[in-house]
Amino acid sequence: MPLMGQLSSSFAPVLGVALNLVSAVVRSYRCSTYRRKLSYWVFKRYEPNSVGTVTALLLGVPVLVSNIVAQHPIFSRCNYTHTILILIVTHNILLACFTAAYRLSPFHPLAAFPGPACAKLTKFTVAWVTSKGKQYQFYRALHDKYGDVVRIGPNELSIRHVDAVAPILGHDGLPKGPFWDYRADAGSHPPLVAVREPREHSKRRKPWNRAFSRIALQGYEKPLLGNIERLTEALDARTNQIVDMTMWMGYFALDFMGDIVFGQPYRILESGMDAQGVRGILEDGVRSSAITGQIPWAIPILRWLRITAYDRMKQYARSSALRRLEDTERAKDIFHYLNDEQGVQSVQRPLALVASDAGLAMIAGSDTTTATLSAMWYCLLSNDVAYKRLQQEIDVAFPTDELPTNLGTMASMQYLNACINETLRLFPALLGGAQRSVLPGTGGKMIRSFFVPEGTQVLVPAYSLHRDPRCFSPLPDAFWPDRWLPEGDRAYPPSISQNDPFVLNAAALITFSHGPASCVGKSLALMVLRAVVCSLVHTFDVMPSGDIGSWEEHIEDYFTAKCGPLMAVLSRRKEVQGT
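So the sequence shown is residues 770 to 1348, counted in our numbering.
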């Protein structure tokens, strides 16, 4: 208390201490080998993501200058420990105040771009929104309020315009941003999605291209049809009961992806439960990385403390890879190509790298398949006209009672593909978009008519862009598959007229991203969506159980979409109405 009284009654000495601190920081900054990554000069503009740098800036600097300021009379009654604690608190309060003032000031490079003050101050704002799973809604609300370009972080912009897609995501676009660093441990092998350097990404993508080539896809057809048959049998055993379509689409996705990634189907469809808790491991890992990826400077601290669910997900991938290597009857699954078991490459890929990529394939395939199939069932069950029209097209293409198996026929079905495109538009599996970065030292980037300074992260929010009436009109928020059909085949709902302006900008559909880092599994994803929907609509009449109108409100965005329960009742069709 005597010390606090002395502090409160003597502002000048405190100001002197503060000036000494700032002076010491500046001297340290000039002398340090880190130069651009020290104290205020870093935090005011950049967000360091090295645990050593963060620790040095927040704790190390005040400790280093403690000998200088400890001789000041204000600290005469303090022991050395108390002095250090006071310096740490003072240093970080000043650092926070000066950094906040700069980020809100007209001197910041992004000062011209509008956005909420809380987002300009810290990425903790978006991290908190992400923890609630509502990032995609947050971005859309900001764009509706502020316009096409919104500042969503101290050094980050969200751009909702189709003309920004190519400059950001295209072949001459931008590399990935620090959001992806969470997946890249120092000294380890990050999965493909976390490789930020474009040339390294291109090199790492080659085995992925082989894993999703036309020949490879043919090898996945048998596991696909086999798992669809098991899904149909499981649902057939539960006809005239209330079932959760989201849960069963998730079970199918896990079994199928386990089958084609590791050659190890989990038999969840047969047992009707996820006994190994695979889905929980994957969901927790994705959620953890989505939240902490928003605050990259805190990532190393969390990893150092080993409190992240992402580590459990990595361990799952490694153990699955080891089991796959023990399999003496190895199929040509995705692991086969990622591990280069055909001997194409001159150098064997490390097991840790193969396991990391295989885990990514498992997550990306199961999460996105579950979300998209669930969303498509919601759209069809909410639109009886579309459901009946789709069922009629399927019956004509497959007029017998047997399960549809001709994937080539499915690929040519006009209305089926229109329903899939419309679902992917309304509910892209990656709702919030993928972060890119204008790297320091590049001089900045022109995007449309405005200049984005170096050191800035940017993204194109898919959910917001897909519902922009300048790209998709009329009914940008409604499920209207006919927008994807030729003009003469469109059926217009009563709410619109053929004379209303019609806009369909396919370049704005970025469900599978765009450019060299676009989804390598797009062809497989479309094949799976067609086959599952064809088989179930052909076999069952599906009706919603109760009011499903609020289903959309419960979608959560953790980089990939997480859908809530979708309750329905299935009944076996007595006969196919084909011709």
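For glycine and all other residues, C-beta sits at the position ideal for the given N, C-alpha and C.
Give the single residue among the options whose Cα lies nearest to the Cα of residue i.
i     : options                       : result
R979  : D1109, L994 and R1118         : D1109
A1414 : D941, T1008 and E925          : The chain is shown from 770 up to 1348; residue 1414 falls before or after that span and cannot be answered.
S1218 : F1248, V918 and R1341         : V918
L986  : M1215, K1331, L1172 and D1102 : D1102
Q906  : R1205, S927 and A1006         : S927
G1041 : F1031, D1053, F1021 and G1032 : F1021
I1324 : G988, C1303 and T1015         : T1015
G1134 : G1315, R1048 and G995         : R1048
T1141 : W1017, M1182, F893 and D1258  : W1017
N1186 : Q904, Q1160, L864 and S1242   : Q1160
M1179 : Y1156, S1304 and D1326        : S1304
L993  : A1121, I1011, Q904 and L1023  : L1023
K889  : A910, R909 and R920           : R920
E1162 : L938, V1302, P923 and T1138   : V1302
G1213 : S874, I937, K892 and V898     : I937
L1278 : A933, L863, R965 and K903     : A933
G1257 : P1313, F1248 and Q1183        : Q1183
V1311 : W949, I1011, P1285 and D950   : I1011
I984  : V858, Y1106 and F1248         : Y1106
P1285 : I855, R973 and R1158          : R973
V1227 : G1202, F1248 and Q1114        : G1202
N1175 : G1333, A1260 and E990         : E990
Suppose the cutoff is 7 Å on Cβ atoms and the five residues either side in sequence are ignored; what does the same chain contact list for residue i look like?
i     : result
Y915  : P883 and G884
E998  : L1172
L1335 : D1013, M1014, T1015, S1143, W1146, Y1147, I1317 and W1320
D1096 : G1032
F981  : V1289, G1290, S1292 and L1293
H930  : D917 and R1217
Taking the beta carbon of residue i as the centre, do at least 16 other beta carbons fall within 10 Å, making it buried, or is it exposed?
i     : result
N1089 : Note on identity: in this sequence residue 1089 is Ser, with Asn being the wrong assignment. Looking at its Cβ environment, which holds 16 or more other Cβ atoms inside 10 Å, S1089 is buried.
L1004 : buried
H877  : buried
K1083 : buried
G1177 : exposed
T1348 : Legend: pLDDT at T1348 = 48, less than 50; position of this residue unreliable, value from coordinates given subsequently. By the neighbour-count rule (16 or more Cβ atoms within 10 Å), T1348 is not buried but exposed.
V1116 : exposed
S1340 : exposed
S971  : exposed
S1206 : buried
N1274 : exposed
K1331 : buried
A1059 : buried
R968  : exposed
G1062 : buried
T894  : buried
I1029 : buried
P1262 : exposed
T1211 : exposed
P947  : buried
P1119 : exposed
G1027 : buried
K892  : buried
R804  : Residue confidence is low: R804 scores 34 on pLDDT, short of 50, so the model does not pin down where it sits. Its coordinate-derived value is still stated next. The residue is exposed, with fewer than 16 neighbouring Cβ atoms inside 10 Å.
Where does the unbroken alpha helix (DSSP H) through residue i begin, and where does it stop?
i     : result
L1000 : R983 to D1005
T1141 : L1120 to L1150
P967  : P967 to A980
P936  : V934 to L938
S1282 : No alpha helix (DSSP H) holds S1282; DSSP gives it neither H nor E.
Y1035 : Counting along the chain, Y1035 falls outside any alpha helix (DSSP H), and DSSP gives it neither H nor E.
M1179 : L1176 to A1180
V1221 : Note, V1221: premise wrong, no alpha helix (DSSP H); beta strand (DSSP E) at F1219 to V1221.
A899  : Contrary to the premise, residue 899 reads as Thr rather than Ala in this sequence. Its alpha helix (DSSP H) spans residues F893 to S900.
From what residue to what residue does the beta strand (DSSP E) around residue i run?
i     : result
P1197 : Careful: P1197 lies outside any beta strand (DSSP E) and carries neither H nor E.
Y1261 : From DSSP, Y1261 is part of no beta strand (DSSP E); its letter is neither H nor E.
G922  : V918 to G922
L1228 : T1225 to L1228
I1011 : I1011 to D1013
R1205 : R1205 to V1207
V1297 : Unbroken run through V1297 is the alpha helix (DSSP H), K1291 to T1308; no beta strand (DSSP E).
What residues in its chain sit with their C-beta under 8 Å from that of residue i, if we drop five residues either side in the sequence?
i     : result
R1081 : I1050, D1053 and G1054
R796  : Note that R796 scores a pLDDT of 44, beneath 50, so its modelled location is shaky; the value from the coordinates is reported in the next line. Answer for R796: no residue qualifies.
Starting from the C-beta of residue i, find all residues in its chain whose C-beta is less than 6 Å away, skip the five residues before and the five after it, and write them out in chain order.
i     : result
T1280 : L1193 and P1197
F1025 : N996
L879  : R920
R1236 : P1245 and D1246
T899  : A1059, I1060 and Q1063
Note to self: Quick check: the segment 1290 to 1310 against the segment 1217 to 1231, are at least 3 beta-carbon pairs closer than 8 Å?
What the structure shows: no
Notebook entry, point to check: Using 8 Å as the threshold, is the segment 1250 to 1268 in touch with the segment 958 to 975, meaning 3 or more CB pairs across them?
Noted result: no
Checklist line | Any 3 or more C-beta pairs closer than 8 Å across the segment 1183 to 1193 and the segment 1253 to 1263 | finding: yes
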